[in-house]
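Visitor:
Number of protein chains: 2
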Amino acid sequence: MVKLTDVAAKAGCSVTTVSRVINNYGYISQKTRKKVHEAMRELNYQPNSVARSLQGKKTKLIGLIFPDVSNPFFGELVSKIEDQLFNHGYKTILCNAGSDTEKERTYLQMLMANQVDGIIAGAHNLGIEEYQRTGLPIVSFDRKLSDNIPIVSADNFKGGSLATQELYNHGARHIYFVGNPTLDGHPTQKRLLGYKETIKELQLTEHIHPVIFNETLALKEMAIKDLLENHKVDGIVASDDLTALLIMNISHELGIKIPKDLKIIGFDGSKVVRDFEPRLSTIVQPIPSIAQLLVKLLEKRIDNPTEKLDNYTYYLPVELLKRESSGN
Amino acid sequence: MVKLTDVAAKAGCSVTTVSRVINNYGYISQKTRKKVHEAMRELNYQPNSVARSLQGKKTKLIGLIFPDVSNPFFGELVSKIEDQLFNHGYKTILCNAGSDTEKERTYLQMLMANQVDGIIAGAHNLGIEEYQRTGLPIVSFDRKLSDNIPIVSADNFKGGSLATQELYNHGARHIYFVGNPTLDGHPTQKRLLGYKETIKELQLTEHIHPVIFNETLALKEMAIKDLLENHKVDGIVASDDLTALLIMNISHELGIKIPKDLKIIGFDGSKVVRDFEPRLSTIVQPIPSIAQLLVKLLEKRIDNPTEKLDNYTYYLPVELLKRESSGN
DNA sequence: TTGTAGGCGTTATCAA
DNA sequence: TTGATAACGCCTACAA
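Structure below.
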């Protein structure tokens, strides 16, 4: 490993000088600057960022804590965030927490130990305190952690409302909300609230059919089959696209025609789902904007950790994508 | 940030002693060991891994270079790798290289500078030399980099062959290979070879219809429409599942019945595609095994960089998943 | 404009 | 069984 002293020796000057030209700091004569650059090139010198970090500089490492990139929505979101971070000179440490509290806790420890410059939190098995205790700049996706941690999310409430209205507009009157019904500040909760309010406005009856997010496929299928076979339903607002796809598949199996007999709309609108299931109507989250805002806020926090923000809650607009499954 | 000296002060001993109990190294009396542990707990001490790394220890950081986690296949693969790495005590630096040579090169630099312990390379815009030059332990997914870099991949040749045979068994006689036809050692190349050989064995005529991987959706759709409208085709081996899905969708639009008029089979078999498009036949890559083997090999390289392996090429068995789209 | 030297938090060597 | 102290590679007062 070639180091500063090697470059200095080669260039015939002191390490200070070399350090100065690397960091563009203080006065340097053109001549020495050039000599140093040459030496660096010849030796193929690469500053050791570990040493740099130790000395007090930033690590330029950001921890990303999300449930799982094998889910297309999180895959795309993480991908966009990684790209933004890269453009800002940061490296991404990927932490798939799943629904594993212990893993998330361990990762939090590791991120502290590794002196990451900040954290983007998108998995939420852990409570506020554990995150606070890191003392690191944090921004959160889709869930409130505490008053002084900025949270970015799509306008889930509006999305739930738009989805419900869309089904109504196409004639559905027995509209179910299908998905995770948890009340713990989970993002789908707001989607459900949007659904509920719109149902009330439309003077319909609300129906909630739970399909738990981290259950097995078979259990989900069973729950959906039960819904379709034993309930009077002509419209479904799914809590997310994957659930919507499942419902479409099972409807097909059961001979239920979409959208004739049953109208359905999903939520998330990742590019993969949009491109490869063109019949599914959905509420599209603005993934690129979410990524951009998360990174922007985090960088602001890093550069100025104590500065109060004028806003700690950001709702990004969603978009209704009308397709066949909802009656178009 | 509480450090070793703080713990030492609290415990009433020297930093050496504290370091010793942390690393379980040398002789320590039970009494002091206990005192130190207490002090650590009280101060909530967390070793600084940056300092540790500088001093010569491993960073326990691994760089993952892959095209893009928003693709379900890579999303799942990266997810599994991350999990394996976590279980082995490593942190994952995620590098989505896309098809961007410059970004990949920059990431390689960063990984060197960050002193990662090793690299798992799954994107391949760059040549061998750039990877060799890092001097880091490397294992590769799905593409040969050089003689002394282990490569892990699914048995793509066998997969291409199985797929072709499956369509034939269900009556297809005009079987096309649709996808990336590049000849540069890209994994789909072997799938194509498997297709070709089987076509020959079956005494059919081979047909290759290029649909370039990183073209836009619209261009891909155009190419597929052209195929379906202007060619006599009753079977398609797609180079990957997403291409297969596209073909299924366009067939639907054009009123072509699957599998009656056209049989089709994909490649990859990520969990998302398997679970949410249950009609698609496909060749399933053993993603968890691939992840496990990659990590195992990498760790071996890290622990013993000079040791020769008895094998540098690993083909993991694929599985034919028979469903409706190929005629079942 | 350049160089010397001390320190970042840990580990490792050598004495005690 | 314990403790000074010198590295690790870099940055940055402070001096020259």
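Going line by line, the protein sequences match chains A and B.
Using the working numbering, the letters of the first sequence map in sequence onto residues 15 to 342.
Using the working numbering, the letters of the second sequence map in sequence onto residues 15 to 342.
Don't be surprised by glycine CBs; every beta carbon is placed ideally from N, CA and C.
Work out the CA separation of residue 88 (chain B) and residue 154 (chain A) for me, nearest whole Å.
Guide: Numbered from 1 along the first sequence, position 140 holds the residue referred to as residue 154 (chain A). Numbered from 1 along the second sequence, position 74 holds the residue referred to as residue 88 (chain B). About 25 Å.
Visitor: Who are the neighbours of residue 110 (chain B) on chain A, taking C-beta pairs under 9 Å?
Guide: Reading the second sequence from its first residue, position 96 is the one you call residue 110 (chain B). What residue 110 (chain B) touches in chain A: 92, 93, 96, 97, 100 and 106.
Visitor: If you run the structure through DSSP and keep just helix, strand and coil, what is residue 336 (chain A)?
Guide: Residue 336 (chain A) sits at position 322 when you count from the first residue of the first sequence. Coil, per DSSP.
Visitor: What residues in the segment 115-132 of chain A bring their beta carbon closer than 9 Å to a beta carbon of chain B?
Guide: 117, 120, 121, 123, 124, 125, 126, 127, 128 and 129
Visitor: Taking only beta-carbon atoms, is residue 263 (chain B) less than 7 Å away from chain A?
Guide: If you number the second sequence from 1, residue 263 (chain B) lands on position 249. Chain A contact via Cβ: present.
Visitor: For the segment 21-34 of chain B against the segment 282-298 of chain A, do three or more pairs of beta-carbon atoms, one drawn from each stretch, fall closer than 8 Å, so that the two count as touching?
Guide: no
Visitor: Could you tell me the alpha carbon to alpha carbon distance between residue 335 (chain A) and residue 167 (chain B), rounded to whole angstroms?
Guide: Sequence index remark: in the first sequence, residue 335 (chain A) carries index 321 (1-based). Sequence index remark: in the second sequence, residue 167 (chain B) carries index 153 (1-based). Roughly 38 Å between the two C-alpha positions.
Visitor: What's the call for residue 258 (chain A), buried or exposed, on a 16-neighbour Cβ count within 10 Å?
Guide: Taking the first residue of the first sequence as 1, we reach residue 258 (chain A) at position 244. Counting C-beta atoms within 10 angstroms of its own C-beta, residue 258 (chain A) has 16 or more neighbours from the protein chains shown and is therefore classed as buried.
Visitor: I think residue 254 (chain A) touches residue 282 (chain A), with their Cβ atoms under 8 Å apart; what is that distance to the nearest whole Å?
Guide: As a position in the first sequence, residue 254 (chain A) is number 240, starting the count at 1. As a position in the first sequence, residue 282 (chain A) is number 268, starting the count at 1. The pair is a contact, with the Cβ atoms about 5 Å apart (cut-off 8 Å).
Visitor: Please say whether residue 107 (chain B) and residue 213 (chain A) have beta carbons closer to each other than 7 Å?
Guide: The sequence position of residue 213 (chain A) within the first sequence is 199, counting from 1. The sequence position of residue 107 (chain B) within the second sequence is 93, counting from 1. No. Outside cutoff.
Visitor: Specify, as a first and last residue, the run of the beta strand (DSSP E) that residue 415 (chain B) falls within.
Guide: No information on residue 415 (chain B) is available, as it lies outside the stretch 15 to 342 that chain B covers here.
Visitor: Just to check my reading of the structure: residue 294 (chain A) and residue 280 (chain A) have Cβ atoms closer than 8 Å, yes? What is that Cβ distance to the nearest angstrom?
Guide: Position 280 of the first sequence, counted from the start, is the residue given in the question as residue 294 (chain A). Position 266 of the first sequence, counted from the start, is the residue given in the question as residue 280 (chain A). Right, their Cβ atoms sit about 5 Å apart.
Visitor: May I ask which residues mark the beginning and end of the alpha helix (DSSP H) holding residue 35 (chain B)?
Guide: Translated into positions along the second sequence, residue 35 (chain B) becomes position 21. Taken as a continuous stretch (DSSP letters only), the alpha helix (DSSP H) holding residue 35 (chain B) covers 29-37.
Visitor: Quick one: Cα of residue 226 (chain B) to Cα of residue 157 (chain B), how far?
Guide: Residue numbering aside, residue 226 (chain B) sits at position 212 when the second sequence is read from its first letter. Residue numbering aside, residue 157 (chain B) sits at position 143 when the second sequence is read from its first letter. Residue 226 (chain B) and residue 157 (chain B): Cα-Cα distance of roughly 18 Å.
Visitor: Whole angstroms is fine: what's the gap from residue 93 (chain B)'s alpha carbon to residue 42 (chain A)'s?
Guide: Locating residue 93 (chain B) in the second sequence gives position 79, counting from the first residue. Locating residue 42 (chain A) in the first sequence gives position 28, counting from the first residue. Taking the straight line from one Cα to the other gives about 48 Å.
Visitor: So for residue 183 (chain B), helix, strand or coil by DSSP?
Guide: Looking up residue 183 (chain B) in the second sequence gives position 169. In the structure shown, residue 183 (chain B) sits in a helix (DSSP, three-state: H, G or I).
Visitor: Could you tell me which chain A residues have their CB closer than 7 Å to the CB of residue 285 (chain B), listed as they occur along the chain?
Guide: Along the second sequence, one-based indexing puts residue 285 (chain B) at 271. Neighbours of residue 285 (chain B) on chain A, chain order: 84.
Visitor: Do you know how far the Cα of residue 245 (chain A) is from the Cα of residue 223 (chain A)?
Guide: Stepping through the first sequence from its first residue, residue 223 (chain A) is reached at position 209. Stepping through the first sequence from its first residue, residue 245 (chain A) is reached at position 231. For residue 223 (chain A) and residue 245 (chain A), the distance between alpha carbons rounds to 10 Å.
Visitor: Pull up the DSSP beta-bridge partners for residue 298 (chain B), would you.
Guide: Translated into positions along the second sequence, residue 298 (chain B) becomes position 284. Looking at the DSSP assignment, residue 298 (chain B) forms a beta bridge with B:282 and B:333.
Visitor: Could you pull out every residue in the same chain whose Cβ sits closer than 8 Å to the Cβ of residue 233 (chain A), ignoring the five residues on either side in sequence?
Guide: For the purposes of this step, residue 233 (chain A) is identified with residue 219 of the first sequence, where counting begins at 1. Contacts found: 226.
Visitor: Step through the CB atoms of chain B and report whether any lies within less than 7 Å of the CB of residue 292 (chain A).
Guide: Position 278 of the first sequence, counted from the start, is the residue given in the question as residue 292 (chain A). Yes, because at least one Cβ of chain B sits closer than 7 Å to the Cβ of residue 292 (chain A).
Visitor: Run through the segment 105-185 of chain B for me and flag every whole alpha helix (DSSP H) of 4 or more residues, listed as ranges in chain order.
Guide: 115-127, 142-147 and 170-183
Visitor: Using the beta-carbon count (16 or more within 10 Å), is residue 129 (chain B) buried or exposed?
Guide: Within the second sequence, the letter at position 115 stands for residue 129 (chain B). Residue 129 (chain B) comes out buried.
Visitor: Do you know offhand how far residue 337 (chain A)'s Cα is from residue 105 (chain A)'s?
Guide: For the purposes of this step, residue 337 (chain A) is taken as residue 323 along the first sequence, with counting starting at 1. For the purposes of this step, residue 105 (chain A) is taken as residue 91 along the first sequence, with counting starting at 1. One C-alpha to the other measures close to 38 Å.
Visitor: Let me confirm a value: residue 187 (chain B) is counted as buried when at least 16 other C-beta atoms fall within 10 Å, else exposed. Which label applies?
Guide: If you number the second sequence from 1, residue 187 (chain B) lands on position 173. Answer is exposed; the Cβ neighbour count stays below 16.
Visitor: If I measure Cβ to Cβ from residue 304 (chain A) and keep anything under 8 Å in the same chain, skipping five residues before and after, which residues do I get?
Guide: Here residue 304 (chain A) is taken as the residue at index 290 of the first sequence, counted from 1. Cβ within range, chain order: 91, 94, 155, 166, 167, 168 and 330.
Visitor: 7 Å is my cut-off, CB to CB: does residue 89 (chain A) come that close to chain B?
Guide: Residue mapping note: residue 89 (chain A) aligns to position 75 of the first sequence, counting from 1. Interface criterion met: the Cβ of residue 89 (chain A) is under 7 Å from a Cβ in chain B.
Visitor: Measure from the C-beta of residue 20 (chain A) to each C-beta in chain B and report whether the shortest distance is under 7 Å.
Guide: The sequence position of residue 20 (chain A) within the first sequence is 6, counting from 1. Chain B contact via Cβ: absent.
Visitor: For a cutoff of 7 Å on Cβ pairs, would you count residue 153 (chain A) as touching chain B?
Guide: Here residue 153 (chain A) corresponds to residue number 139 of the first sequence, with the count starting at 1. Judged by the 7 Å Cβ criterion, residue 153 (chain A) is not in contact with chain B.
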